[in-house]
Amino acid sequence: MRLNSFNNILVLAPHTDDGELGLGGTINKLIQLGKKVTYVAFSTAQQSVPKGFPKDILKTEVKKATALLGIAPENLIIYDYEVRKLGYFRQEILENLILLKKTNQFDLVFIPSLHDIHQDHTTIAQEGLRAFKNTTLLGYELIWNNLTFNAQCFIELEKCDIQAKVKALKAYESQGTRDYLSEDFIFSLAKTRGVQAGCPYAESFEVVRLFL
33 MRLNSFNNIL VLAPHTDDGE LGLGGTINKL IQLGKKVTYV AFSTAQQSVP KGFPKDILKT
93 EVKKATALLG IAPENLIIYD YEVRKLGYFR QEILENLILL KKTNQFDLVF IPSLHDIHQD
153 HTTIAQEGLR AFKNTTLLGY ELIWNNLTFN AQCFIELEKC DIQAKVKALK AYESQGTRDY
213 LSEDFIFSLA KTRGVQAGCP YAESFEVVRL FL
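When you line the sequence shown up against my numbering, it's residues 33 to 244, in that order.
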């Protein structure tokens, strides 16, 4: 199955920046292919914003980052669940997802890896699977949270896709100089996955559900 087979794509991000980190290059490629991409962020992590920044800075930054990748403003949905406590609102989150499913015809959904150990990521991965169990589901990679990751699916990317990913992540000025936001790391991982896939650059995913 080719990436071009999918037309209506949903990205579930526990926190602002997770979607860009896990599949920023793929989002850029999908947009360039003319596909509709909806991005849902469940927490703006106000409790974790560094001193000196407005508490809602991550809401501003995710709007900028997703716009840089080409996601239309009307296709960005932002919730304000408290960071590290998404599990407390599991049923409410599931109901949000079911409503989203009923009002859209998504044919591809990206969720965090089911092996992700962050409690918020686990919640979104599990509830995403429950809500979209009859849709093709791919789990994206955040290697600092993955004790294991099954690189079962590769999406071939161009250098421009990784450059777009880097540019989008630079919109998150409040996140400072975290190692996983560095341009060197982003390109190194993309090159590593590209070597595995036999192409210059790639992002890898776990196949959770696949419908052919």
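Cβ coordinates follow ideal geometry from the N, Cα and C atoms, glycine included.
Assign residue i to buried or exposed, taking buried as 16 or more other Cβ atoms, counted over all protein chains shown, within 10 Å of its Cβ.
| i | result |
| --- | --- |
| N136 | exposed |
| F243 | exposed |
| Y120 | exposed |
| K61 | buried |
| A104 | exposed |
| K87 | exposed |
| K197 | buried |
| G171 | buried |
| S145 | buried |
| D216 | exposed |
| P82 | exposed |
| V239 | exposed |
| L208 | It is Gly, not Leu, that sits at residue 208 in the sequence shown. Exposed, because fewer than 16 other Cβ atoms sit within 10 Å of the Cβ of G208. |
| V227 | exposed |
| S75 | buried |
| T180 | exposed |
| E106 | exposed |
| I89 | buried |
| I59 | buried |
| E124 | exposed |
Are the Cβ atoms of residue i and residue j separated by less than 7 Å?
| i | j | result |
| --- | --- | --- |
| K68 | N36 | no |
| A183 | S236 | yes |
| L140 | T168 | yes |
| A222 | I194 | yes |
| A73 | T92 | no |
| I156 | L53 | no |
| L129 | A163 | yes |
| S214 | F85 | no |
Helix, strand or coil: which one does DSSP assign to residue i?
| i | result |
| --- | --- |
| V94 | helix |
| E238 | strand |
| T70 | strand |
| C192 | helix |
| Y233 | strand |
| L108 | strand |
| I156 | helix |
| F217 | helix |
| N36 | helix |
| Y113 | coil |
Could you tell me which residues DSSP pairs with residue i in its beta bridges?
| i | result |
| --- | --- |
| H47 | S75 |
| V141 | L42 and L169 |
| N178 | D148 |
| F186 | S236 |
Look at the alpha carbon of residue i and the alpha carbon of residue j, and state the distance between them as a whole number of angstroms.
| i | j | result |
| --- | --- | --- |
| H147 | G66 | 31 Å |
| F38 | N166 | 15 Å |
| I175 | Y212 | 9 Å |
| E190 | F219 | 11 Å |
| I246 | L118 | Here the chain comprises residues numbered 33 to 244, so residue 246 is not present and cannot be evaluated. |
| A99 | G230 | 30 Å |
| E114 | C185 | 32 Å |
| A97 | P46 | 16 Å |
| K202 | L101 | 12 Å |
| A77 | D112 | 8 Å |
| H153 | E159 | 10 Å |
| I110 | T70 | 11 Å |
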